[in-house]
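Chains as they are written, first to last, in our numbering: chain A, -14 to 236; chain B, 610 to 869.
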């Protein structure tokens, strides 16, 4: 198992892709802290699943866009599960609003969670890890919208492309200190967040036709890629962003 | 490596590794065998292929050594067919064939340019095509990994890399196109693009302390890639862990491309 003995904090892990990552991490031997902001019971269910695999698990409520929340979250995990080895910055929100209608508040809330939140969680984790002389690993969860235009995402897409630059720049500063940082850009993954597409027989075939492999992905498929980046099997990989989209972007 | 998760196992799969006894290919072949695959080790030197196949056989693997001329499309097809016939199927291609011939841009020769493009780029499409024909006919998908280079993305100042950069740059978009065309057949085509790897091929460059120190100083991870780094990335791309990744180039470079 590739993550045996590691402690991982996964943000936004109560459902969707984050849940898939948590499950794979448990199967790969990691103890998992499941962050959530709203879905406490769902987070507990994921934790129970992880414990069922013989791993330790905890849930931790925090808004990743609030520094005091994030600092308290990292402290809590550090105290209860031990020093964090792997941070997966998965928490994110997506709304669809035409550019001409987008408000200041919508821009600010979305960029606060999707971009500043990943920066903030990374900084709090890296400060703690480097202060204690520990190595670490961060995996950012972006989106294919880093490289692809979809309607009504003038606020969302820049956060995801921004994560690539954040990944590169944090990698440049943190890799020499022993913390690798990479970014995974999922395509269409079958989750609650994409139910509005997955459950629309009038929309889905047209979208699947754009995906070379002709299907949506499963959250655990993202989990397996993240597990690779979080493991020592990728010990020479840092600053990279990879699309996990069945062949959608770039053609 | 500790015991891998089940989705990394390759039991029942047949893998062809071209350049399969070389510095990178040899370690990749061994890694594939450890994951349970049956292997064909192919290269231009039949004796070396057979000798390396014997080494892996002694470790308990089911291995075939095969000779082929990457510069001949007909011979490439013949070799790929031979491998598929021998094992009864073909699931994985790892193309580790590569060659560099340095010529400064003002002095590039037609022969030199053609040789580098033919081995690195033309060789890749016709290996890919011959392998894909079997994968498509079988109807059970497939995995192709081509070894690229950071020269897919980064030029190299002060050296004669025009042909090599053109070839490796071409390889990335070639594989993206192959992924687009063969995605419906569930064939994943990806590129692992390392920086300098500790192999014989670049030993003469790494032996120059000025070059070596300047190179390592630019790598955030502070070291050259090992062949195991490449092997682990290849094993990821041929496993079911990467079933939803195709047409991608992964730079295995200690952070260089991200900081240039």
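Positions of the beta carbon are idealized from the N, C-alpha and C atoms, including for glycine.
Keep in mind the model is a prediction, meaning the values are calculated, not measured.
Residue 54 (chain A) and residue 47 (chain A) have their alpha carbons spaced roughly 5 angstroms apart.
Here residue 729 (chain B) is near residue 777 (chain B), since their CB atoms are less than 8 angstroms apart.
At a Cβ-Cβ threshold of 8 angstroms, residue 808 (chain B) and residue 780 (chain B) do not count as neighbours.
Under the Cβ distance rule, residue 641 (chain B) does not count among the residues neighbouring chain A, no pair being separated by less than 8 angstroms.
Among the CB atoms of chain A, none fall inside 8 angstroms of the CB of residue 666 (chain B).
Residue 627 (chain B) is bridged by DSSP to B:651, B:704.
For residue 140 (chain A), the three-state secondary structure derived from DSSP is coil. Residue 165 (chain A) is bridged by DSSP to A:122.
Rounded to whole angstroms, the separation of the alpha carbons of residue 711 (chain B) and residue 860 (chain B) is 22 angstroms. Here residue 134 (chain A) is exposed: its Cβ has fewer than 16 other Cβ atoms, across all protein chains shown, within 10 Å. Under the DSSP definition of a beta bridge, residue 4 (chain A) lacks any partner. Counting along the chain, the unbroken beta strand (DSSP E) around residue -6 (chain A) starts and ends at -8 to -5. With a cut-off of 8 angstroms on Cβ pairs, the segment 748 to 763 of chain B is in contact with the segment 787 to 804 of chain B, counting three or more such pairs.
Between the alpha carbons of residue 121 (chain A) and residue 642 (chain B) lies a gap of roughly 31 angstroms.
Here residue 165 (chain A) has 122, 223 as same chain residues with Cβ atoms under 6 angstroms from its own Cβ, once five neighbours each way along the sequence are excluded. In the three-state reduction of the DSSP assignment, residue 738 (chain B) falls in the helix class.
Within the model, the alpha-carbon separation for residue 100 (chain A) versus residue 93 (chain A) is close to 10 angstroms.
In this structure residue 801 (chain B) is in contact with residue 757 (chain B), their Cβ atoms being roughly 7 angstroms apart against a cut-off of 8 angstroms. Counting only runs of at least 3 residues, the segment 655 to 725 of chain B fully encloses the following beta strand (DSSP E) elements, listed from N- to C-terminal order: 672 to 676, 701 to 704. For residue 130 (chain A) and residue 218 (chain A), the gap between their C-alpha atoms comes out near 27 angstroms. A straight-line Cα-Cα distance of about 13 angstroms links residue 26 (chain A) and residue 4 (chain A). For the pair residue 21 (chain A) and residue 95 (chain A), the CB atoms are not nearer than the 8 angstroms cut-off. Here the C-alpha atom of residue 615 (chain B) lies approximately 35 angstroms from the C-alpha atom of residue 105 (chain A). Closest option to residue 707 (chain B), judged by alpha-carbon separation, among B:691, B:700, B:725: B:725. The Cβ of residue 792 (chain B) sits closer than 8 angstroms to at least one Cβ of chain A.
Contact check for residue -8 (chain A) and residue 39 (chain A): beta-carbon distance about 15 angstroms, past the 8 angstroms limit, so the pair fails to qualify. With contacts defined as CB atoms closer than 8 angstroms, residue 633 (chain B) and residue 806 (chain B) qualify as a contacting pair. Every unbroken stretch of the alpha helix (DSSP H) spanning 4 or more residues and falling wholly within the segment 81 to 112 of chain A is given here in chain order: 89 to 96. In this structure residue 84 (chain A) is exposed. Its beta-carbon is surrounded by fewer than 16 other beta-carbon atoms within 10 angstroms.
Using a Cβ-Cβ distance cut-off of 8 angstroms, the segment 169 to 189 of chain A and the segment 200 to 210 of chain A are in contact, since at least three pairs of beta carbons, one from each stretch, lie closer than that value. Distance between residue 110 (chain A) and residue 72 (chain A), taken at the CA atoms: about 8 angstroms. In the three-state reduction of the DSSP assignment, residue 803 (chain B) falls in the strand class, which pools E and B. Within chain B, the residues 859, 860, 861, 862, 864, 866, 867 have their CB atoms less than 9 angstroms from the CB of residue 225 (chain A), given in chain order. Close to chain B, meaning a Cβ-Cβ distance shorter than 9 angstroms, is no residue of the segment 53 to 87 of chain A at all. When DSSP reads this structure, residue 18 (chain A) sits in a beta bridge with A:-6, A:43.
A:213 is the residue among A:189, A:213, A:154, A:10 whose C-alpha sits nearest the C-alpha of residue 169 (chain A).
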